[in-house]
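Working notes, beginning with the structure itself.
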Amino acid sequence: MIDTNAFLACLRANELDFFTGVPDSLLQDFCACVQENARGRTVTAANEGNAVGIAAGYHLATGRAAVVYMQNSGIGNAVNPLLSLADEAVYGIPMLLLIGWRGEPGVPDEPQHKKQGALTPALLETMGIRTEILSDDYREQVRACARYMKEQSRPCALIVKKGTFSRCPYPDAAKPFPLTREQALTLITEQMGERDIVVTTTGKTSRELYELRARTGAGHGHDFLTVGSMGHSSSIALGLSLFTDRCVWCIDGDGAFLMHMGAAAVNAAHMGDNYRCIIINNGAHESVGGQATVGFWIDMAAILRGCGFAHVHTAKTEAEIAESMAALRMQPKSALVIYVQQGSRKDLGRPQTTPAENKQLLMETIRNESTDL
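In terms of our numbering, the sequence shown opens at residue 23 and continues consecutively.
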């Protein structure tokens, strides 16, 4: 195991002292250490491609390389700017990619990570990015990467296995709002129709909805749990809503909404009267450790209105959620932003069905229950 503070000191000693990226559960201790010790020298990006762009701008201003951190599932978001911007055949912009290796072969993990994990080293190799697996010899690895980036002016990568970094927890999150996300989910689902479809975002939101349905005996046939592809739940919900007569609710999170925020404009332009959007905003990437987003810094309701949603509500309390949900039921093309505190149950489990089983059950429900188009 690598001492996280010592690793950060090693990066700084090699002139790697600006950090940007998207948090990852395998990197949560590193991210917490950076957040605590590199204030003013770190930017949590909306998505991984955004982070590559920020790193490129940093290099243009300083001549130095930034550290870009991400989960390997986020490599896809970064491929375009890595190959068409940072690659030595284009601008030649050095940056150190620190990549959490979810789905590492032989290590138990969730199904959405298995294919990405198996392909991670080969994918980076295909992209022409020098890659090593971070080890106890990290000091020499970092020195070698720093030297390589200076000489070659191109990106390189260090892959991080599970359990690599020592514990470096985030400070306890403030609780500025009265409700938890799970409490909000309970209130939301209580006011949905029996035929309604729910598409939930990646992370703990889907896990909590699964357990809520099991606890109430409602079953899982009306839910699509987006266990991967962060930021795309609202687009999945749009595609569903265009070809069914039932109400489709997207329950998104602030991190996922920010990751592909342009989807909100497309959704508003094409949605029918049966599309509903709910964003549960806790101001953090809670599922991967708790690193702050800009969710509390921006006016999400105004953004949704600007994108074309006809009716947008905000809520923080049980009464406000009840009032807003009653309005949404009657208002086509509407949205709700709910502000909640960070935190979840320590015994929160994971779905006991596979993604493929979830998909099949939903499709059977739609086929058997409705007069869908």
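Ideal Cβ positions, reconstructed from N, Cα and C, are used throughout, including at glycine.
- The C-alpha of Asp295 is placed about 40 Å away from the C-alpha of Gly139.
- In the three-state scheme derived from DSSP, where H, G and I count as helix and E and B as strand, Asp276 is classed as helix.
- Take the alpha-carbon of Ala179 and the one of Glu154: they are about 6 Å apart.
- In the three-state reduction of the DSSP assignment, Leu118 falls in the strand class, which pools E and B.
- Counting only the Cα atoms, Cys329 lies some 8 Å from Ala291.
- Between Thr336 and Ala348, the CB-CB gap reaches or exceeds 7 Å.
- DSSP, reduced to helix, strand and coil, places Ala306 within a strand of the structure shown.
- With fewer than 16 other CB atoms across the displayed protein chains lying within 10 angstroms of its CB, Pro130 is exposed.
- Judged by DSSP secondary structure, Arg235 falls within the alpha helix (DSSP H) whose first and last residues are 226-238.
- Within the DSSP bridge table, the entry for Val101 names no partner.
- For Gly75, the uninterrupted alpha helix (DSSP H) run begins and ends at 70-84, by DSSP.
- If you draw a straight line from the Cα of Arg217 to the Cα of Cys269, it comes to about 7 Å.
- Going by DSSP, Arg161 is part of the alpha helix (DSSP H) stretching over 160-174.
- Taking the CA atoms as reference points, Leu118 sits about 35 Å from Arg367.
- Contact between Met171 and Pro116 holds: their C-beta atoms lie close to 4 Å from each other, under 8 Å.
- Of all C-beta pairs linking the segment 373-386 to the segment 233-253, three or more are shorter than 8 Å, placing the two stretches in contact.
- Straight-line spacing of the CA atoms in Gln353 and His333 works out to 7 Å.
- DSSP places Arg124 in no beta strand (DSSP E); its state is neither H nor E.
- Only residues of its own chain outside the window of five on either side were considered, and among them Thr26, Asn27, Asp51, Phe52, Ala54, Cys55, Glu58 have a CB closer than 8 Å to the CB of Cys190, listed in chain order.
- By the Cβ rule, the segment 146-163 does not count as touching the segment 293-309, because fewer than three pairs are nearer than 8 Å.
- Residue range 284-292 is occupied by the alpha helix (DSSP H) that includes Gly284.
- The DSSP assignment places complete beta strand (DSSP E) segments of no fewer than 3 residues inside the segment 238-272 at 245-247, in order along the chain.
- CA-CA distance, Gln313 to Asn390, rounds to 42 Å.
- Around the beta carbon of Asp369, fewer than 16 other beta carbons lie within 10 angstroms, which makes this residue exposed.
- Leaving aside the five residues that flank Ala357 on each side, the residues in its chain whose CB is nearer than 6 Å to its CB run, in chain order, Cys299, Leu326, Phe331, Val334.
- Nearest in C-alpha terms to Met92, of all of Val112, Thr148, Ala67, Ala108, is Ala67.
- Per DSSP, reduced to three states, the secondary structure at Gln93 is strand.
- Burial state of Trp123 is buried, judged by a 10 Å Cβ sphere holding 16 or more other Cβ atoms.
- When the five nearest sequence neighbours on each side are left out, the beta carbons in the same chain lying within less than 6 Å of the beta carbon of Gly125 are those of Asp131, His135, Lys136, Gln138, Gly139, in order along the chain.
- The alpha-carbon of Ile258 is positioned some 8 Å away from that of Val221.
- Per DSSP, the unbroken alpha helix (DSSP H) holding Thr26 starts and ends at 26-35.
- By the Cβ rule, the segment 181-189 does not count as touching the segment 204-211, because fewer than three pairs are nearer than 8 Å.
- By the criterion of a C-beta distance shorter than 8 Å, Val74 is surrounded in its chain by Val90, Ala100, Pro103, Leu104, Leu107, Ala108, Met117, once the five residues flanking it on both sides are discounted.
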